[in-house]
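Following: one structure in structure tokens, then a few remarks.
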Amino acid sequence: MTPDLFAAAPSPAERAAQLRAQLHHHAHRYYTLDDPEIPDAEYDRLFRELHAIETAHPELLTSDSPTQRVGGRVLDAFTPVRHRVPMLSINTETDTEPSGARNFDTRVRRALGLAETDAPVDYVAELKFDGLAMSLRYEGGVLVQAATRGDGEVGEEVTTNVRTIQQVPLRLPADAPPVLEVRGEVYMRRDDFDALNEKQRAKIAAGAKGEKTFVNPRNAAAGAVRQLDSGIAAQRPLSFFAYGLGEITPPEQGGPAFETHFKMLMQLKAWGFPVAEQTALATGADALVAFHQRIGTGRDQLPYDIDGVVYKVNSLVLQRQLGFVTREPRWAVAHKYPAQEQLTTVLAIDVQVGRTGKLTPVAKLAPVFVGGVTVTNATLHNEDEARRKDVRVGDTVIVRRAGDVIPEVVSVLLDKRLGNPEPFSLPRQCPVCGSDAVREEGEVDYRCTGGLFCGAQRKQALLHFAQRRAVEIEGLGDKLVEQMVDAGVVKTLPDLYRLGLTSLLALDRMAEKSAQNILAALEKSKRTTLPRFLFGLGIRHVGEATAKELARHFGQLDGVMDASVEALSEVNDVGPVVAQSIRTFFDQPHNREVVEQLRACGLSWEEGEPAERAPQPLAGKTFVLTGTFPTLSRDQAKDLLEAAGAKVAGSVSKKTDYVVAGAEAGSKLEKAQALGVAVIDEAAMLAMLVSGA
Ligand code: IVH
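Quick note on the working numbering: the sequence shown kicks off at -16 and runs consecutively.
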């Protein structure tokens, strides 16, 4: 596998042959074995390269080229089924920008001979489910056959397996026509997929032979449908969405006469088939663009994977008029989203030390564009996870980045591993300070035991203390903290307040004006509040909300410092683990010392009496804030909501109760609308603070 630097570039004929061999191999892994080695985007890239060569050199095209075949081979073990109405494929628009939708609309209008002044075309916009296509045949209202797509003409009979899918009706209402073939997608929900892989891992750990985990929900679904043992298939939780028709009793024999695709879908829904709730009528190109964007924003909140959306001309008369090019209808198109998985190589595996000493292995990657951004790092979470995936330096890996989630390594392409690199293990010493790293019983993480002796933890602790929602020291960012700690001028939190102009000016590139600003910010930060101070100390498990509860409950810092585990456990939301962590923190003489020194440096806050619990009209409700409000700042709104018992989250999900939207609200508002979450304004929120939701 070592590249020969002196080899001539292959000729188009050689390259085409290479690509064909590779594509055959990968198609077999994918279609026949349900066990792909490379992500779809990589397969598509190879496929497009071959397609481009064949287009430029038509003489190189062979009848056995993968570009000439649609779909996969039929397994011998299943009975072949000839589809009475072929199962077509759909033209894919890989331009993920709005132009992708506009190009489709332009093509449709041109084919229909419409002038610019003619009315916009009506479409149905659907999700493009990432599962496998299925044709369900009903005779006399009873499910008699389920068949995969196969090559579009002949598929495989998988009725027994499909009968295990709860969402597939086995019998239809009396008004269903004598013959009905419903086309749709069998898929696996992400939560079902995670649970299945969890079970698989347990079986493997228990020594079961021949078991494996699945790469993604689609492959798990395909594997389940094509299980020869339907008992096993039944244990694999599958779902179904309907999106079209095959054969149906014609109107002249008493079958229904649909005018539009949308009415047909609504009838399928009425007969008991799941139709995705996002399915929408869209008039003209702008509406298609808006749908693509709206669904794209909410994509990660869906409980299942989609890889794009599908637009279909709504009028069935116009569909007939538009017809087909080769095997693809001119009246439909799939409009993709950027791939969330890509291939890249691991350049190194670094170990990062967090604020609480946690050691996290991080794969440094050759830069790769995935999920819309360039990714160079992917977390490996912890040692067990890194070992389970067996990620090693030099490996070719699949990275996944979905939404705002941190990128992660999904799996390693073992057959691309060069030589025999060392298996990864976390160092047993902290890579920053050399202290022992230990793993406590029942924990997955190794932690550096150096505490504030460890430079990495010290830097993180200072940054945590200085952040806006803690004591807030304006201008004290990563770079400056790094310099201060590396130069040894700041070792502990109180050292910050002992800094003078001279020691600041001694730092690299520090001008007098900036030094003055830092000193002023430090001075300003001394007047704080008890919750901010408590949060800023960085006690393990004590986040902002817990700090607020502690301050409210005890009123005074000494009360918190001296409280027993039992007394701490009485605080709202404080369980035994958190209580113990607080107790352990204040049992350390050096931590009490830090607190005393900070007080001596002039940090102060108002102390009060232990508070009675204020009424909590919004307890149990989750809010998300977006945009600029007319009277309140975001932080003020957050404080008010929390004081009323509400939770304030950073992103919108199905669990969100209300989105409070101000001026220029952005994607969170769109997401809320996509998910049907209630959207309110500041005035409505203020009213709820008093009278509840
Ligand atoms: S319509 C005539 N609608 O995408 C058009 N297909 O090549 C026939 N797919 O594997 C397909 N979601 O299973 C259609 N809303 C949707 C779809 C969808 C997913 C799959 C389909 C097939 C591929 C189309």
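The beta-carbon is built from N, C-alpha and C at its ideal position, and this holds for glycine as well.
On a predicted model such as this, the values are computed, not experimentally measured, just so you know.
Taking the beta strand (DSSP E) that SER222 falls in, what are its first and last residues?
Element bounds for SER222: 222 to 231.
heavy atom of the ligand IVH below 8 Å from VAL293 C-beta:
Under cutoff, so the answer is yes.
Is it buried or exposed for LYS637, if we count other Cβ within 10 angstroms and need 16 for buried?
Exposed is the call here.
Report whether the distance from the Cβ of PRO19 to the nearest heavy atom of the ligand IVH is below 8 Å.
Result no, Cβ not under 8 Å from the ligand IVH.
List the whole-angstrom C-beta distance separating PHE223 from VAL293, where the pair is believed to meet the contact cut-off of C-beta under 8 Å.
That belief does not hold up - the Cβ atoms of PHE223 and VAL293 are roughly 16 Å apart, past 8 Å.
Looking at the secondary structure, which residues open and close the beta strand (DSSP E) in which LEU601 lies?
For LEU601, there is no enclosing beta strand (DSSP E), as DSSP gives it neither H nor E.
Sequence-distant residues of the same chain with beta carbon closer than 7 Å to ARG523, five excluded per side:
The residues are THR339, SER564.
How should LEU488 be labelled, buried or exposed, when 16 other C-beta atoms within 10 angstroms of its C-beta is the threshold for buried?
Residue environment for LEU488: exposed (fewer than 16 other C-beta atoms within 10 angstroms of its C-beta).
For a test of the three-state rule: what should DSSP assign to ALA349, helix, strand or coil?
Annotated three-state conformation of ALA349 is strand, per DSSP.
Terminal residues of the alpha helix (DSSP H) in which VAL548 lies
Taken as a continuous stretch (DSSP letters only), the alpha helix (DSSP H) holding VAL548 covers 548 to 552.
Exposure of THR485, with buried meaning 16 or more beta-carbon neighbours within 10 Å:
The residue is exposed, with fewer than 16 neighbouring Cβ atoms inside 10 Å.
Counted within 10 angstroms of its Cβ, other Cβ atoms place ASN199 as buried (16 or more) or exposed
Buried, by the Cβ-count rule.
Taking the alpha carbon of LYS252 as the point to measure from, which residue in PRO156, MET668, GLY417 has its own alpha carbon closest?
Comparing Cα positions, the closest option is PRO156.
For a minimum of 4 consecutive residues, which ranges assigned as the alpha helix (DSSP H) are wholly contained in the stretch 154 to 209?
The DSSP assignment places 173 to 188, 200 to 208 as complete runs of the alpha helix (DSSP H) inside the stretch 154 to 209, in order along the chain (cut-off: 4 residues).
Touch test, the stretch 84 to 91 against the stretch 252 to 269, Cβ-Cβ under 8 Å, three pairs minimum
They touch, by the three-pair rule.
Those residues which DSSP pairs with PRO344 across a bridge
PRO344 pairs with VAL334.
Looking only at C-alpha atoms, which of GLU25, ARG400, GLY227 sits nearest to GLN250?
Nearest of GLU25, ARG400, GLY227 to GLN250, Cα basis: GLY227.
Helix, strand or coil: which one does DSSP assign to ALA449?
DSSP, reduced to helix, strand and coil, places ALA449 within a helical segment of the structure shown.
Quick check on this structure: which residue in HIS244, ARG617, GLN323, PRO257 has the alpha carbon closest to the alpha carbon of VAL300?
Out of HIS244, ARG617, GLN323, PRO257, HIS244 has the C-alpha closest to the C-alpha of VAL300.
Would the C-beta of MET70 count as close to the ligand IVH, meaning under 8 Å from any of its heavy atoms?
Yes, the beta carbon of MET70 sits closer than 8 Å to at least one heavy atom of the ligand IVH.
Residues in its own chain within less than 7 Å of THR362 by CB, not counting five upstream and five downstream?
Taken in chain order, the residues that qualify are THR343, VAL345, ILE389, GLU391.
Between which residues of its own chain and HIS34 is the CB-CB distance below 8 Å, once the five residues before and five after are set aside?
Cβ neighbours of HIS34 beyond the five flanking positions: THR50.
Between which two residues does the alpha helix (DSSP H) holding PRO572 run?
Its alpha helix (DSSP H) spans residues 572 to 583.
At a cut-off of 8 Å, would you count ARG166 as near the ligand IVH, judging by its Cβ distance to the nearest heavy atom?
At a threshold of 8 Å, ARG166 counts as near the ligand IVH, since its beta carbon sits closer than that to one of the ligand's heavy atoms.
Are the CB atoms of ASP469 and GLY434 within a distance shorter than 9 Å?
No, the pair does not count as a contact, with Cβ atoms beyond the cut-off.
Starting from the N-terminal side, write out each stretch of the beta strand (DSSP E) that is 3 residues or longer and does not extend beyond the stretch 285 to 332.
Those beta strand (DSSP E) runs which fall completely within the stretch 285 to 332 and span 3+ residues are 289 to 296, 315 to 319.
Buried or exposed (CB count within 10 angstroms, at least 16 for buried), GLN440
When all chains shown are included, GLN440 counts as buried.
I need the straight-line Cα distance from THR511 to ARG173, nearest angstrom please.
Between THR511 and ARG173, the C-alpha separation is close to 45 Å.
Excluding the five sequence neighbours on either side, which residues of its own chain have a C-beta within less than 8 Å of the C-beta of GLU532, listed in chain order?
These residues qualify, in order along the chain: VAL554, ASN555, ASP556, VAL557.
Using a threshold of 8 Å, is the CB atom of ALA130 nearer than that to any non-hydrogen atom of the ligand IVH?
In this structure, ALA130 has its beta carbon at no less than 8 Å from each heavy atom of the ligand IVH.
Based on the DSSP secondary-structure assignment, which residues constitute the bridge partners of GLN412?
Residue pairing from DSSP places GLN412 in a beta bridge opposite ASP419.
When the Cα of ALA528 is compared with those of TYR287, GLY628, GLU230, GLN599, which residue comes out closest?
When each option's Cα is compared against that of ALA528, the closest is GLY628.
Please identify the residue among VAL376, GLY526, ARG92, GLY193 whose C-alpha is closest to the C-alpha of ILE561.
Sequence check: residue 561 is Val here, not Ile. Proximity to VAL561 across VAL376, GLY526, ARG92, GLY193 peaks at GLY526, based on C-alpha coordinates.
Contact under 9 Å by Cβ, ASP664 with GLY645
In this structure, GLY645 lies closer than 9 Å to ASP664 by Cβ.
Determine the contact status of ALA322 and ALA10, defining contact as a CB-CB distance below 9 Å.
Taking 9 Å as the Cβ cut-off, ALA322 and ALA10 do not qualify as a contacting pair.
Residue range of the unbroken alpha helix (DSSP H) whose run includes THR142
It spans 142 to 146 - the alpha helix (DSSP H) in which THR142 sits, taken as one unbroken run.
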